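Input: a single structure, listed below in structure tokens.
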Amino acid sequence: MKNYRKPLPNTELHYYDVEQAINDIRPNAYERLPYTAKVLAEQLVRHSHDDPKLGEYLAQLIDNKQELDFAWYPCRVVCHDILGQTALVDLAGLRDAIAKAGGDPSKVNPVVQTQLIVDHSLAVEHGGDDPDAFAKNRAIEDRRNDDRFDFINWTKTAFENVDVIGAGNGIMHQINLEKMSPVVQIKDGIAFPDTCVGTDSHTPHTDALGVISVGVGGLEAECVMLGQPSMMRTPDIVGVHLTGKRQAGITATDIVLALTEFLRAERVVGAYLEFFGEGADSLSVGDRATIANMTPEYGATAGLFYIDQNTLDYLTLTGREPSQVKLVEQYAKTVGLWADKMTKAVYPRVLQFDLSKVTRNIAGPSNPHARVATADLKAKGIAGVVENRTDGLMPDGAVIIAAITSCTNTSNPRNTVAAGLLAKKANELGLVRKPWVKSSFAPGSKVARLYLIEAGLLSELEKLGFGIVAYACTTCNGMSGALRPEIEQEIIDRDLYATAVLSGNRNFDGRIHPQAKQAFLASPPLVVAYAIAGTIRFDIENDPLGYHNGEPIYLKDIYPSDDEIDDIVAKCVRPEQFREIYIPMFDLDKSQKASSPLYTWREQSTYIRRPPYWEGALAKECQLQNLRPLAILPDNITTDHLSPSNAIVKNSAAGEYLAKMGVPEEDFNSYATHRGDHLTAQRATLANPKLFNEMVRNEDGTVRQGSWARIEPDGTVVRMWEAIETYMERGQPLIIIAGADYGQGSSRDWAAKGVRLAGVEVIVAEGFERIHRTNLVGMGVLPLQFINGQNRHTLKLDGTEIYSVKGEISARCELELVIERKNGDVEIMPVLCRLDSDSDVKTYKAGGVLREFAGRFLDKK
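Here you go:
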């Protein structure tokens with residue numbers, strides 16, 4: 001293949017001239033390629049220039065065909081501590097397995113830059129009305145997570161290419177946006193586009209910078225860490241033409257909630273979206289980041305914006321070096337990634353969305369795409385008659401949690417400044433937060449504190465109870481902490497419908513807090529307004545929030561104008577603030593080295609334990625025969641249903657185990673924090689109290705809600721974990737039957753690990769969310785998809801059946817699902833094998849990615 005390496009104009013660097021490579025195959029084709037295709041083509045030319053199939057790979061990108069697998073080599077892996085720690089626990093366990101087999105464990109290292117940010121471990125035990133909340137919450141975090149933090153500290157001295165940013169510094173996505181992504185990388189004198197995968201579904205946050213950043217499961221991230229390519233085919237690339245400009249008073253949150261509803265309806269699941277047009281041009285990178293962050297909520301893989309002057313302005317604002325900003329501009333313009341060079345891009349599908357039609361919105365009560373205009377709250381039945389109680393008790397629909405949280409919104413200064421201005425006006429008029437509302441402010445970056453102080457707005461937020469409680473992922477991730485005991489008891493005693501309002505990206509049932517029956521997503525200023533209202537039954541546009549001098553005060557009276565917001569952002573958000581925070585944060589000491597390449601496991605730890613993936617039942621090949629159903633599940637099963645992340649309660653299987661291990665209830669922590677210990681984490685499998693297993697029904701025939709299972713052939717109904725234990729003792733292989741969109745939500749590898757450890761060999765669903773399907777393959781679980789209009793209902797499945805899978809497994813082949821009914825009848829149904837590539841087949845047949853890598857490593861020794 002021709003050598004396309006050329007000098008980059010006005011620099012001492014080189015680059016790969018992908019435009020020439022593409023046009024050599026088909027003249028003038030490059031200018032018509034979407035942004036995604038250009039970046040993928042560049043990495044193919046750079047990494048695969050000796051591959052005889054390179055021309056075929058590039059031709060597929062030109063023709064938008066999806067016939068050949070090709071290798072994608074992301075240049076960075078970004079992790080939060082939960083999945084990042086879990087991935088590194090797996091690598092530490094792999095080192096043990098390699099050493100046991102006679103290999104050199106010190107050779108098992110990430111070979112690409114791996115950045116781990118400790119940001120998912122803090123619970124808001126002390127709310128924003130406590131001036132010492134941050135210090136108290138951090139102290140609790142350190143105490144509860146001593147085992148975890150010991151392991152994480154070991155990893156940065158034991159593994160090569162691992163950088164660790166400790167607890168209390170911010171959220172991985174916001175730090176990635178504000179500091180870690182250079183947009184254009186340099187290695188060995190070559191300039192090329194920054195790309196990354198992250199162990200969190202919201203990794204597309206940095207798509208706002210024009211950086212292809214996608215969320216993957218921990219298992220896929222481990223493969224990338226170890227130098228294996230992420231195999232892919234030409235993705236479904238969809239153009240989203242943003243027209244118009246937003247109305248006055250509309251935040252990026254309002255826009256993204258409307259977009260999420262729109263894009264879910266347009267079925268963009270798995271697609272790479274590229275936002276363009278005059279509407280996109282009008283959005284700051286902060287606004288774009290809010291939109292890109294919620295990519296998984298509309299089901300896509302990526303949500304990209306072109307590089308333009310807004311990108312350069314943002315890089316300058318966040319303290320990047322002038323030379324780096326200049327490089328980004330020079331490279332983007334040279335290789336055709338600059339917005340002005342993308343005007344001839346051709347998309348197989350283009351959607352159009354008018355920003356000028358977006359109104360003020362919230363989303364809920366259970367899904368991020370369930371948008372409701374605030375003007376329609378009464379018509380939609382959310383806002384009702386305000387219950388004016390005089391007995392001091394909470395009203396129906398009480399907002400028990402109001403949280404300004406999540407990188408979705410706190411990475412956008414306009415959103416946090418808007419909340420501060422609303423709080424200031426509320427304070428001036430004597431409005432107060434209702435006493436039952438647990439309020440908090442957890443920005444994803446320490447920079448937010450600096451510019452809010454400079455603007456005089458942090459004290460206004462604190463006065464209303466929105467003091468800073470953390471720089472971490474908190475309420476959005478189910479780490480909302482305990483309520484005051486009297487509040488929780490009143491909710492229980494009165495069986496009260498209580499809710500949460502948060503500025504996050506997820507509001508699935510059971511996620512935010514056990515006592516919050518449902519939750520609503522809203523912009524930061526609306527979160528403050530709802531804390532004042534105190535109930536979701538409130539018509540936030542038309543009901544008075546309070547009175548001043550006898551006159552009613554409405555939302556419009558305290559809502560800040562765009563000019564007020566933009567004036568403060570322009571004056572008070574400055575590059576020096578970002579440098580003040582990030583320069584010392586990334587001054588990492590690389591001198592210390594671990595005394596051994598093998599970790600000394602703490603035997604009594606409930607956080608970190610040697611993983612079991614090379615021993616026992618997991619070391620055996622799946623038989624795919626005589627499978628009993630563990631559960632029959634409805635549509636829209638999320639990874640929160642499969643392996644919840646929120647607080648562990650004492651009467652749960654995990655809570656009982658922790659108590660048995662001597663852990664006091666106040667230190668049970670969350671399911672998420674225990675995922676480095678499989679003995680605790682596997683007890684979270686299907687443990688969500690909002691689960692509906694259709695095998696378990698009430699006397700009236702309705703499905704019973706909760707973590708319940710029915711053991712077969714006994715017919716005994718028990719808690720899910722007890723059924724799993726029983727089946728494990730019997731050595732009974734299992735299957736799960738499910739509906740559409742199986743595995744939505746967070747890129748949670750334990751949603752796949754948990755079911756595999758339970759003995760599940762096969763999952764048959766009407767459809768799979770992308771990341772979860774990959775994780776299932778990575779754990780050696782076979783994903784199968786119903787076809788020809790068949791599903792659990794048409795087949796009248798009730799859980800008494802025995803299942804087998806027949807056929808020769810290959811990528812996207814048709815297999816036979818054999819269903820043996822209780823009465824002896826046998827049905828054979830065709831199903832689609834969702835091993836989508838030859839690479840998937842190879843991984844599945846090896847028993848998963850970890851066993852595959854161990855075998856490959858030992859073959860080389």
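This note's numbering applies: residue 1 is where the sequence shown begins, and numbers increase by one.
Cβ coordinates follow ideal geometry from the N, Cα and C atoms, glycine included.
The model shown is predicted, which means the values in this text are computed figures rather than measured ones.
- Ranked by how close their Cα comes to the Cα of Arg-76, the residues Tyr-657, Ser-804 and Cys-223 have Cys-223 in first place.
- Taking every protein chain shown into account, the CB of Thr-685 has 16 or more other CB atoms within 10 angstroms, so this residue is buried.
- Taking a C-beta distance under 9 Å as the contact criterion, Ile-558 and Lys-425 qualify as a contact pair.
- Contact between Asn-775 and Gly-217 is confirmed by a C-beta separation of about 4 Å, below the 8 Å threshold.
- In this structure, the alpha-carbon of Phe-520 lies about 28 Å from that of Asp-132.
- Assignment of beta-bridge partners to Trp-708 by DSSP yields Arg-719.
- Per DSSP, reduced to three states, the secondary structure at Val-216 is coil, with no helix or strand assignment.
- Taking C-beta separations shorter than 6 Å and ignoring five residues to either side along the sequence, the partners of Met-695 in its chain run Ile-632, Arg-710 and Gly-799, following chain order.
- Contact between Ser-837 and Asp-69 holds, with the beta-carbon distance rounding to 5 Å and staying under 8 Å.
- Burial check for His-793: the Cβ neighbour count within 10 Å stays below 16, so the residue is exposed.
- Between Ala-373 and Gln-623, the alpha-carbon positions lie close to 51 Å from each other.
- Excluding sequence positions up to five before and after Leu-257, its CB lies within less than 6 Å of the CB of Asn-361, Ala-363 and Arg-371, all in the same chain and listed in chain order.
- Counting the other CB atoms within 10 Å of its CB gives Ala-101 a total below 16, which places it among the exposed residues.
- Secondary structure of Leu-734 (DSSP, three-state): strand.
- Going by C-alpha positions, Ala-482 is about 21 Å away from Gly-392.
- Per DSSP, Gly-546 is one residue of the beta strand (DSSP E) stretching across 546-548.
- Note on geometry: alpha-carbon atoms of Arg-5 and His-14 lie some 7 Å from one another.
- In its chain, beyond the 5 residues on either side, Leu-658, Met-661, Val-663, His-674, Asp-677 and Thr-680 have a beta carbon closer than 7 Å to the beta carbon of Thr-606.
- Inter-residue distance for Pro-182 and Lys-380 is about 45 Å (C-alpha atoms, whole angstroms).
- The residue among Arg-320, Gln-247 and Glu-31 with its C-alpha nearest the C-alpha of Glu-580 is Arg-320.
- The three-state reading of DSSP puts Asn-651 in coil, since its state is none of H, G, I, E or B.
- A direct Cα-to-Cα measurement between Glu-541 and Ala-21 gives close to 56 Å.
- Residues Ile-404, Asn-409, Asn-415, Thr-416, Ala-418, Ala-419 and Ser-503 of the same chain have their beta carbon placed closer than 7 Å to that of Pro-524, with the five preceding and five following residues left out of the count.
- The alpha-carbon of Lys-136 is positioned some 32 Å away from that of Asp-396.
- When Asp-840, Glu-814 and Ile-736 are compared, the shortest CA-CA separation from Tyr-803 is found for Ile-736.
- Counting only runs of 4+ residues, no alpha helix (DSSP H) is found wholly inside the stretch 792-819.
- Restricting attention to alpha helix (DSSP H) runs no shorter than 4 residues, the stretch 414-483 encloses them at 447-454 and 458-463, ordered along the chain.
- Look at His-678 here: in three-state DSSP terms it is helix.
- Check the Cα spacing between Trp-436 and each of Ile-453, Asp-308, Leu-797 and Tyr-530: the tightest is with Tyr-530.
- By the criterion of a C-beta distance shorter than 7 Å, Tyr-554 is surrounded in its chain by Pro-544 and Leu-545, once the five residues flanking it on both sides are discounted.
- Taking each of His-80, Ile-291 and Phe-159 in turn and checking the Cα distance to Leu-598, the smallest one comes out for Phe-159.
- For Cys-407, the enclosing alpha helix (DSSP H) begins and ends at 407-410.
- The C-alpha of Lys-38 is placed about 44 Å away from the C-alpha of Ala-647.
- In this structure, Gly-215 lies near His-202, with their beta-carbon atoms less than 9 Å apart.
- In the three-state DSSP reduction, Val-358 falls in the coil class, being neither helix nor strand.
- For the pair of segments examined, the stretch 804-821 was found not to touch the stretch 239-257: the number of CB pairs separated by less than 8 Å stays below three.
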